[in-house]
Structure formats: structure tokens, C-alpha cells
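Trainee: Just dropping this structure here.
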Amino acid sequence: MQAMNTTGRQVSFTTAPAKISFRQNLLEALSTKWRVVPVLLSLGLIWAIFASQSPVFLSARNLTNLADQIATTSIVALGLVLVLVVAEIDLSVAGLAAVCAGIVGVLVVNMDVGLSIALIITIAVGGLYGLLQGSMIVYSGAPAFIVTLGFSLMLQGVLLILLPAESGLVPLAGTDLQFLAAYRLPTTVSYALPAAVGLIGLAMRLNDHRQRVAYGLPSNLMSSMAIGVAIIFASLAVVAIFNAYRGVPLTVAVLAGLIAILSYATTQTPFGIWLYAIGGNREAARRAGIPVNWMKMAAFSILGMLTALGGVVAAARVLGVSPASADQSLLLEAIAAAVIGGTSLFGGRGSVWAAILGALVIGSIANGMFLINASTQLRLLVQGGVLVAAVIADALIARSGSSSSR
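Counting in this note's numbering, the sequence shown tops out at residue 1394, every number present.
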């Protein structure tokens, strides 16, 4: 571009458009599958820093403990991804997790109900709660932010009703929930499961390649299969690290199973296609015949069930339920995990497995700072800063996507 200045000479303006183009291309790249690259680089940097400060950080024992520590956050984050993808949010997950932990505690300790039945009842309660809350949001048109915030306050009251008035605590030591927290998979099973799931994943990728070729769409089979094989070997390496200490925790195995199920559901089924379509353009999805209201209610219901399970896992880990179980840190960490992993707060974009990377980032910061005896204030400052940076990046990416579509 050229213009005349006050002296009559031609002045060329070429630098600014180039910079804008580079920034635009970078943001557009981050809105695709490359969005996970900065997360992986950040995770590697965090691990390198803490490993240099504490040799214990990368030990098999600490990595096993880290995986156990982030299990609850990861399970809840998986459900939050579904709700965020449809451009909604749930601020009541911390309260629901605590209430469901209280329910399973009362059933097992006070009513002597078997653990399996107690788990089924508790997860069903979480699912029904999510369905009720979701239906109120979609049919009333009220903002999910306000509705779920109100439910969060009510759930704290419900928790106080469930807990004994005298002690305010339901102890879980010596119950089957203690067994749930301490159980480790047999070595053979721990290696067989990721190998089997990985082979199924490769078969799914091959089937996806064939379908894309049949419809005349571009597909890179070698790249796709290479990624699948790399994931299998990485999973086996992680299992080897766990087995070098005490074995794979049952909670981690359950989390891995949930990741596999939800990854399949969100990428290989109409359910997942509809979720992303609703988040991308709700009105267009409605005109295409997608049951928008029912899909949103389903997302809230699934989040409710996963939150209930996460609450049980958290209670089993600390062997008790108290008013402190409703601490809002679970909500903040789960949202941070989803957003850092690339899930957009504006809907239409997100990945269930990438949310686990986000949970690893948040959990690694907390774990590493504990090992180097950093203060709680500093830990909260760093975690909050990481979340703010992720939200700003998400807003920039969303703005880039909307401007490029004009």
C-alpha cells in the first residue's frame, strides 16, 4: 500500500499488514489441533523447573501421587467440557461433589448400604440434579451463570443437613471407600488395558480415514496412525512408571476409561457432532433439526454424574466428608483445566483429553510448589495467573475466528 505524504513523496506501508497477518495466522493455528502444542510446551517447562528444584518431583512415587491428586479435578473437567462446548457453564460443581460425597457417606456409614448400590444411587442423584438444573436453564432462558450460582448456595445448605449436627463430619476410614482409594490394578491388567484401548483407537482412526476418503475429504492416514501409536507407547510408559511404585491406582484407571468413552462419544457419534454444532451456532443447529434443548440438558446431566463420581473419589481419598468438602477450589481448578486444555468459554471448541493436560498443568504447579515449600499465597497467584492467561488467549482466538469468518 502506498500514499502521498506532505512533501509529495510516496510512502510505502508494508510492515503493519505483515504483522497483522502473522498474528492472525498464529491465532487461527491455535484454534485448530495445534492449540494443544502450547499446553504441552508449558507442561514440559513446568516439569523441568520443578525437577531442577526438587529431585523428588519426577520420581515414580510423586508422579503416581500427582495422578491420584488430579483425578477428581480431571473427572469434573471432563463433564465441564461438554457443558462449555454448548456455550453454557455450571458453577455448582463443587457443591454437588460435596453433597454426593455426603450421600455416599451416609449410605455406607449410617445406613450400611453396599458400596456398589451406594455408588449407583449417588451417580443417579448427580445425573438427575444435572437434568433438573439443565431443564430450568434451557426452558426459562435464565443465564446459566446465575442459576448455577444459586444452586451452589443451596447445595451448601443441603450438605450441612446431611452431615451430623454434633461433629459435622462423616468419617470414611475402615469402610469400602478406603479400599476404593487404596486399590491398585494387577500388573498384567494395567498393561493390557491401555494396549487394548489403543488398538481400538487405531481401528477407529482407520475407519475414519476410510470414511473421509469415501466422501472425497482430505485425510492423512500415516500421520493419524503415527499419533495413535505414539499415544499407545506413551500410555504404556506411564503405566510402567506407576508400576515402579505401587501400581496403577483404580481412580486413574477409571479416569482413563472415562476419557476413552467420552473421546469416542464426542468425535465418532452424532452426539458429539450435535454438541459442537450447538456451540458453534445454536440457531443454525436448531434449524438443522438438532434437539438443542435436549442436548444441553444431556450435557448438564452427564456433568452431574461425573461430578458425583468426582465427589466420591475426593471423599475416598481424604477418608471423610465435612463442610470443607464444598471448597470452591474444585470449581476453579476444573474450569482452569478445561480452558487451559483448549476448551472455549464461548462454545463450539474443546477436547476431553486435552482437558486432562490442563488438569496436569494445574496439578503440577500445586504439587511442585508443595515440594519446594512455596507458600499457599504464591501457589494461588501462579494458578490464577495461568488461568487468566488461558482465558485471554481463548478470547483472542475466538475473536480471530469470528473476524476471519466475515
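Think of the CB as a built atom: it goes at the ideal place given N, C-alpha and C, for glycine as much as any other residue. Keep in mind the model is a prediction, meaning the values are calculated, not measured.
(1) Report back the beta-carbon spacing between V1236 and L1173 to the nearest angstrom; my notes put them in contact at under 8 Å.
(2) What are the boundary residues of the alpha helix (DSSP H) that R1270 is part of?
(3) Would you list the one or two residues that DSSP bridges to P1237?
(4) Please work out which residues of its chain come closer than 6 Å, Cβ to Cβ, to N1013, disregarding the five sequence neighbours upstream and downstream, and give them in chain order.
(5) Tell me whether G1093 sits in a helix, a strand or coil according to DSSP, three-state version.
(6) My understanding is that V1227 touches Y1179, with C-beta atoms under 8 Å, so please give their C-beta distance in whole angstroms.
(7) Just curious, the alpha helix (DSSP H) that E1321 is in, first and last residue?
(8) Starting from R1305, trace the alpha helix (DSSP H) both ways and give me its first and last residue.
(9) Taking the CB atoms as reference points, tell me whether S1140 and S1080 lie closer together than 8 Å.
(10) State whether the region 1136-1156 contacts the region 1085-1095, with contact taken as three or more CB pairs (one from each stretch) at a distance under 8 Å.
(11) CB-CB under 8 Å to Q1166, same chain, minus the five flanking residues each way: which ones, in chain order?
(12) Out of Q1199, R1337, M1213, V1300, point me to the one whose CA is closest to Y1264's CA.
(13) Mark A1312 as exposed unless 16 or more other C-beta atoms lie within 10 angstroms of its C-beta, in which case mark it buried.
(14) Taking contact to mean at least 3 C-beta pairs separated by less than 8 Å, is the region 1277-1285 in contact with the region 1145-1156?
(15) Hey, how far is the Cα of T1295 from the Cα of T1110?
(16) So, is V1217 buried or exposed, given that buried needs 16 or more other C-beta atoms within 10 angstroms?
(17) Helix, strand or coil for K1159? Go by DSSP, reduced to three states.
(18) What does a CB cutoff of less than 6 Å around V1092 pick up in its chain, not counting 5 residues either side in sequence?
(19) Determine the DSSP secondary structure at S1019, reduced to helix, strand or coil.
(20) On the premise that A1082 lies in contact with D1315, defined as a C-beta separation below 8 Å, what is that separation, rounded to the nearest angstrom?
(21) Just verifying my parser: in three-state terms, what is the DSSP assignment at V1309?
(22) Would the beta-carbon of Q1057 fall within 8 Å of that of N1355?
(23) Around the Cβ of E1076, are there at least 16 other Cβ atoms within 10 angstroms (buried) or fewer (exposed)?
(24) Please go through the same chain and pick out, in chain order, the residues whose beta-carbon is closer than 8 Å to the beta-carbon of F1045, but skip the five residues on each side of it.
(25) Should T1136 and D1100 be called a contact, given that it needs their Cβ atoms to be closer than 8 Å?
(26) Who are the Cβ neighbours of A1065 in its own chain at under 6 Å, not counting the five residues just before and after it?
(27) Under three-state DSSP, which class holds S1047?
Mentor: Looking at the coordinates:
(1) Sure, about 4 Å apart at Cβ, within 8 Å.
(2) R1270: member of the alpha helix (DSSP H) spanning 1270-1275, first to last residue.
(3) Answer by DSSP bridge pairing, in chain order: R1172.
(4) Confidence at N1013 is low in this model, with a pLDDT of 49, below 50, so its placement is unreliable and no value can be given for it.
(5) Helix.
(6) Distance from V1227 to Y1179 at the Cβ level is roughly 6 Å; contact confirmed, criterion being Cβ atoms closer than 8 Å.
(7) Boundaries of the alpha helix (DSSP H) harbouring E1321: 1317-1328, taken from the DSSP string.
(8) Segment 1280-1306, the alpha helix (DSSP H) holding R1305.
(9) With respect to S1080, S1140 sits close: the two C-beta atoms are nearer than 8 Å.
(10) Three or more beta-carbon pairs separated by less than 8 Å link the region 1136-1156 to the region 1085-1095, which places the two stretches in contact.
(11) Correct list, in chain order: L1160, A1304, L1307.
(12) Nearest of Q1199, R1337, M1213, V1300 to Y1264, Cα basis: R1337.
(13) That one is exposed.
(14) These segments do not touch.
(15) The straight-line gap separating the alpha-carbon atoms of T1295 and T1110 is approximately 10 Å.
(16) By the neighbour-count definition (other C-beta atoms within 10 Å, threshold 16), V1217 is an exposed residue.
(17) In the sequence as presented, Lys is not what sits at residue 1159; that position holds Pro. Here P1159 carries a strand assignment [DSSP, helix/strand/coil].
(18) Close CB contacts of V1092 within its chain, under the 6 Å cut and outside five residues either way in sequence, are with A1106, T1110, V1300 (chain order).
(19) Caution applies to S1019, whose pLDDT of 48 falls short of 50 and renders its modelled position unreliable; the value that the coordinates give is listed next. In the structure shown, S1019 sits in coil (DSSP, three-state: anything other than H, G, I, E or B).
(20) Sure, about 6 Å apart at Cβ, within 8 Å.
(21) Strand.
(22) Yes, the Cβ-Cβ distance between Q1057 and N1355 is below 8 Å.
(23) The residue in question, E1076, is buried, as its Cβ has 16 or more Cβ neighbours within 10 Å.
(24) Here the set comprises W1035, F1038, A1039, N1355, G1356, L1359.
(25) For T1136 and D1100, no; Cβs fall outside 8 Å.
(26) Only A1322, A1325, A1326, A1343, A1347 meet the Cβ criterion.
(27) Assignment of S1047 by DSSP, reduced to helix, strand and coil, places it in the coil class.
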